[in-house]
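For what it's worth, the numbering used here labels the leading residue of the sequence shown as 110, then goes sequentially. Below is one structure, written out as structure tokens, with a few remarks after it.
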Amino acid sequence: MPRLSELGVFWALAALLLLLAAVFFRSELVLAFASVAVFTLAADLILALPLGRRARAAGLELSWRILEPSAERMAVRGAKIRIHGWIMMRDGGALRLTHLKPIAPRQIQLESITHSVHPVAERPQEIELTIRSLTAGRSVLQGLATRAVSPFGAFVVGVYFPHPLEVRASPQRVPSLSALEPRVFNAIVPREGFSSARARGPGVELHELREYRPGDPLRSIANVASARRGRLLVRETERPFEEEHQILLDVGAEMLVGPLGARPLDQAVDAIWTLLDELSARSHRIRLTLFDDQRLGEWTSDGGIARSSSLRKALLEALERYDRRRIEGGEEEVAALVAAHLRDQEALDYETSTAGKRARLASALRPRVRRLLPDPERADSFEILLAYCKRYGLELPPKTLRPTGARKSALRSILLHLARRGHPHSIHLFSGLDEIALDGELKRVFALKALRGRVTLYLPRILGAPDESEFGGAIRQIARWEREEAVRQMSPLIRPASLTP
110 MPRLSELGVF
120 WALAALLLLL
130 AAVFFRSELV
140 LAFASVAVFT
150 LAADLILALP
160 LGRRARAAGL
170 ELSWRILEPS
180 AERMAVRGAK
190 IRIHGWIMMR
200 DGGALRLTHL
210 KPIAPRQIQL
220 ESITHSVHPV
230 AERPQEIELT
240 IRSLTAGRSV
250 LQGLATRAVS
260 PFGAFVVGVY
270 FPHPLEVRAS
280 PQRVPSLSAL
290 EPRVFNAIVP
300 REGFSSARAR
310 GPGVELHELR
320 EYRPGDPLRS
330 IANVASARRG
340 RLLVRETERP
350 FEEEHQILLD
360 VGAEMLVGPL
370 GARPLDQAVD
380 AIWTLLDELS
390 ARSHRIRLTL
400 FDDQRLGEWT
410 SDGGIARSSS
420 LRKALLEALE
430 RYDRRRIEGG
440 EEEVAALVAA
450 HLRDQEALDY
460 ETSTAGKRAR
470 LASALRPRVR
480 RLLPDPERAD
490 SFEILLAYCK
500 RYGLELPPKT
510 LRPTGARKSA
520 LRSILLHLAR
530 RGHPHSIHLF
540 SGLDEIALDG
550 ELKRVFALKA
560 LRGRVTLYLP
570 RILGAPDESE
580 FGGAIRQIAR
590 WEREEAVRQM
600 SPLIRPASLT
610 P
């Protein structure tokens, strides 16, 4: 149904004022002007009535793609992303489309866009828009909304192009991890000179090219690079992992508080992304564990930049909420969201009021999300609906913050598991510390350090509690434990059994 545009509102008000003036002053000339304005507005309304049907029958098509950055590299969150597209009309005639606007999630910020286009039959009209992704990870632009304008411009009809476009953004790299104000205990001091710790192993990933030194094996000489540079260069490859590092990331609701891009979880992901670069470049083994009120998963990289891709993928997926354990609401709410998306994108109408109708909806969607399901044949309706939301980037509400003590229990179980499995060289804990008792689970991290004496604990200040005084008290408590641990190093090692509650 046509509705008044900004010009139409001004036009209607002007016609009404002219009518009132004609009655008040009893002027035939003013009445004539008012009559012309009213009749022209009515004629424009009559011409605008078939505008929606005409726009649907004209064969309007949208095609768009990401222009910058290129497909080979991922955009960095906060950086500009240029999108180039075309709007084409198959049938004859002409339309005027204004107020172009992408249908995007909250983390996508629109910088600029082409204001209006005039599609002509078989002649593509170019559009260009610039956006920013405030958070890292994957976002989906669902389509492009615009308005078709009537011949005189007084009325507009909404036109929607359902054309999903996937946008991916990588975390920002922290210039220096020292900006996180970590608390470091017994950090490993690198050795100087030749030693077995500095010797290169039989790795295959290139570490660096350096100048030839007497004693280097001839088979390590890089012939092509030496010829280009005019001097002998030697290939040094990645050495096998020598250390193991554990990263613990809290993805609870408390980590999602704050503006997009400045939430604790966003900053933690930026820091971990930088940490992965540093540790994988040294071919260390890295374990990443995600937890909320329970342990959500663990991923391992056995050294090397190429092998850390699984950790990076898991880190980006930590920003998404397509796990029934991390969202607020149940199957009924998610089914209603999916049905509304199908209605807008594909004009398909599904009922979701009963469990049977939701099961029929999930059965219809199963072929679309088969590759996202671990076991497509045994997946229940809720799992299929969540997979559909993940594929099309639908936003799901995060779990409400409820201090139940479950996060404390989850961290306790993770620490006990670490003590039984082995002793990492460093532990990097990223959490808001909202439910983690300082005298309980956090102190167990220090007990783990005493098992080997080479554990490093990072507690970033940016992830502190909202109350600055409370976080300051935590830092003072940690400083006291640091002094206690320095004395404990002279006593016998603490056994893993002492970590039990």
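Backbone N, C-alpha and C fix where the C-beta goes; we use that ideal spot for every residue, glycine too.
When C-beta atoms of the stretch 126-142 are compared with those of the stretch 268-287, fewer than three pairs fall below 8 Å, so the two segments do not count as touching.
A distance below 6 Å between beta-carbons, with the five flanking residues on each side excluded, links V360 to the following residues of its chain, in chain order: L399, D401, A427. R475 and P483 do not touch by the CB rule: their CB atoms are close to 13 Å apart, not below 8 Å. Remark: C-beta atoms of F261 and D153 approach each other more closely than 8 Å. DSSP, read as helix, strand or coil, puts Q234 in strand. Secondary structure note for R277: its beta strand (DSSP E) is the uninterrupted segment 264-279.
DSSP places G161 inside the alpha helix (DSSP H), whose first and last residues are 160-166. Around the CB of E492, 16 or more other CB atoms lie within 10 Å, so the residue is classed as buried.
In this chain, the alpha helix (DSSP H) harbouring Q376 covers 373-390. According to the DSSP assignment, H224 belongs to no alpha helix (DSSP H), since it is labelled neither H nor E.
Rounded to whole angstroms, the separation of the alpha carbons of P506 and F148 is 50 Å.
Using a Cβ distance threshold of 8 Å, L209 and R191 do not count as a contacting pair. Within its own chain, the residues whose Cβ lies closer than 7 Å to the Cβ of K189, once the five positions on either side in sequence are excluded, are E220, T239, R241, listed in chain order.
In this structure K508 is buried. Its beta-carbon is surrounded by 16 or more other beta-carbon atoms within 10 angstroms. Within 10 angstroms of the beta-carbon of P373 lie 16 or more other beta-carbons, which makes it buried. When rounded, the separation of the alpha-carbon atoms in I395 and M364 is 23 Å. When C-beta atoms of the stretch 249-257 are compared with those of the stretch 265-274, three or more pairs fall below 8 Å, so the two segments count as touching.
Pairing L318 with A334 gives a Cβ-Cβ distance under 8 Å. Between A263 and L129, the beta carbon gap of about 20 Å keeps them out of contact (Cβ cut-off 8 Å). Using a C-beta cut-off of 8 Å, the stretch 495-505 makes contact with the stretch 446-453, since at least three inter-stretch Cβ pairs fall below that distance. Taking V478 as the centre and dropping the five residues before and after it, the same chain places the C-beta of I493, A496, Y497, R500 closer than 7 Å to its C-beta, in chain order. Secondary structure of D200 (DSSP, three-state): coil.
R338 counts as exposed, since fewer than 16 other C-beta atoms from the protein chains shown sit within 10 angstroms of its C-beta. Every unbroken stretch of the beta strand (DSSP E) spanning 3 or more residues and falling wholly within the stretch 399-475 is given here in chain order: 404-410. Excluding the 5 residues flanking it on each side, R163 has no same chain C-beta neighbour closer than 7 Å.
Ranked by Cα distance from H354, the options F119, P533, E115, L169 are led by P533. Exposure of I155 is indicated by the presence of fewer than 16 other C-beta atoms within 10 angstroms of its C-beta. For H354, the secondary structure class from DSSP, reduced to helix, strand or coil, is strand. Here the alpha carbon of R480 sits roughly 15 Å from the alpha carbon of S472. Contact between E407 and L397 holds: CB atoms are separated by about 7 Å, below the 8 Å threshold. Rounded to whole angstroms, the separation of the alpha carbons of Q376 and R186 is 11 Å. Looking at the DSSP output, F539 shares a beta bridge with L358.
For Q454, the CB contacts under 6 Å within the same chain, skipping 5 residues up- and downstream, are P271 in chain order. Going by DSSP, T149 is part of the alpha helix (DSSP H) stretching over 137-157.
Exposure of V118 is indicated by the presence of fewer than 16 other C-beta atoms within 10 angstroms of its C-beta. In terms of Cβ geometry, E504 and R247 do not form a close pair [threshold 8 Å].
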